[in-house]
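Novice: Quick one: the structure is below, and I'll ask about it shortly.
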């Protein structure tokens with residue numbers, strides 16, 4: 051086990067990872083037309099962010115002697131967007147919400163699944179909650195509500211880090227200590243509401 055606690059993000063902003071989507075210039079906030087992977091390591095320009103620039107800022111950034119040799123690529127932006135439709139600060143962000151967490155403790159898999167819009171709308175699915183028939187028998191799965199999970203997921207990383215794992219209530223301890231895979235969905239693209 052690498053970590054004592056795992057704190058899943060409730061939301062992921064994937065805007066800058068999508069193709070054919072308007073993105074914001076890291077310098078001026080205009081429509082980004084270029085992306086430079088070599089600039090990514092440069093801490094002088096918005097550290098830890100994907101480096102994407104409008105025409106003017108791309109030229110300016112790559113005038114610097116350290117960046118002159120960079121090979122920046124043109125972003126795929128729909129033509130109607132390049133013609134000045136977008137103004138500063140008006141770029142729609144594409145976000146995904148946490149809807150399930152798969153947890154593993156040795157060979158015992160369990161899942162936490164969000165079933166509604168309320169913070170407390172979480173279910174706990176245990177595929178091996180009970181057993182019938184001994185060694186040659188079969189597992190009996192169980193689904194139960196676990197509203198306490200929502201309160202823990204709303205905590206800041208600092209608050210969560212300060213918690214003793216033994217004090218975490220109900221099934222939430224499994225989620226925060228044994229999380230293996232987090233699953234996200236786009237609320238705007240969801241087929242089921």
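Residue numbers (my numbering): 51 to 243. Each residue gets a CB set at the ideal place from its N, CA and C atoms; glycine is no exception.
#1: Comparing C-alpha positions only, which one of 56, 127, 103, 149 sits nearest to residue 82?
#2: Taking one C-beta from the stretch 92 to 109 and one from the stretch 73 to 81 each time, how about it: are there three or more such pairs within less than 8 Å?
#3: Classify residue 160 as helix, strand or coil using the three-state DSSP reduction.
#4: Could you spell out the range, first to last residue, of the beta strand (DSSP E) harbouring residue 151?
#5: Considering only their Cβ atoms, is the gap separating residue 62 from residue 178 smaller than 7 Å?
#6: Return helix, strand or coil for residue 19, following the three-state DSSP convention.
#7: Taking buried to mean at least 16 other C-beta atoms within 10 Å of its own C-beta, is residue 91 buried or exposed?
#8: Based on the DSSP secondary-structure assignment, which residues constitute the bridge partners of residue 232?
#9: So, at 6 Å on beta carbons, what are the nonlocal neighbours of residue 69 in its own chain, with the 5 sequence-adjacent residues on each side left out?
#10: Taking only heavy atoms of the ligand HEM into account, decide whether any of them is closer than 6 Å to the Cβ of residue 235.
#11: Can you round the beta-carbon distance between residue 151 and residue 225 to whole angstroms, since I take them to be within the 8 Å contact cut?
#12: Are three or more beta carbon pairs between the stretch 201 to 210 and the stretch 229 to 239 nearer than 8 Å?
#13: Rounded to the nearest angstrom, what separates residue 196 and residue 180 at their Cα positions?
#14: Mind the definition here: the stretch 198 to 205 touches the stretch 181 to 190 only if three or more C-beta pairs lie below 8 Å; say whether that holds.
#15: Go to residue 191, then tell me how far its beta strand (DSSP E) extends in each direction, as first and last residue.
#16: With distance defined between alpha-carbon atoms, name the residue in 148, 87, 123 nearest to residue 233.
Specialist: Once the coordinates are examined:
#1: Checking every option, the nearest Cα to that of residue 82 belongs to 103.
#2: The stretch 92 to 109 vs the stretch 73 to 81: in contact.
#3: Of the three classes helix, strand and coil, the one that applies to residue 160 here is strand, per DSSP.
#4: Residue 151 -> beta strand (DSSP E) spans 145 to 155.
#5: For residue 178 and residue 62, no; Cβs fall outside 7 Å.
#6: The requested residue 19 does not occur in the structure, where the chain is confined to residues 51 to 243.
#7: Within a 10 Å sphere around the beta-carbon of residue 91 sit fewer than 16 other beta-carbons, which makes this residue exposed.
#8: Answer is 151, bridged to residue 232.
#9: Excluding positions up to five away in sequence, the list reads 126.
#10: With respect to the ligand HEM, the structure shown offers nothing to examine, as it has no ligands at all.
#11: Residue 151 to residue 225, Cβ: 6 Å. Contact.
#12: Contact check between the stretch 201 to 210 and the stretch 229 to 239: fewer than three CB pairs, one atom from each, fall below 8 Å, which does not count as touching.
#13: Approximately 18 Å between the Cα atoms of the pair.
#14: No: fewer than three Cβ pairs fall under 8 Å.
#15: Counting along the chain, the beta strand (DSSP E) containing residue 191 begins and ends at 188 to 195.
#16: When only C-alpha atoms are compared, the closest one is 148.
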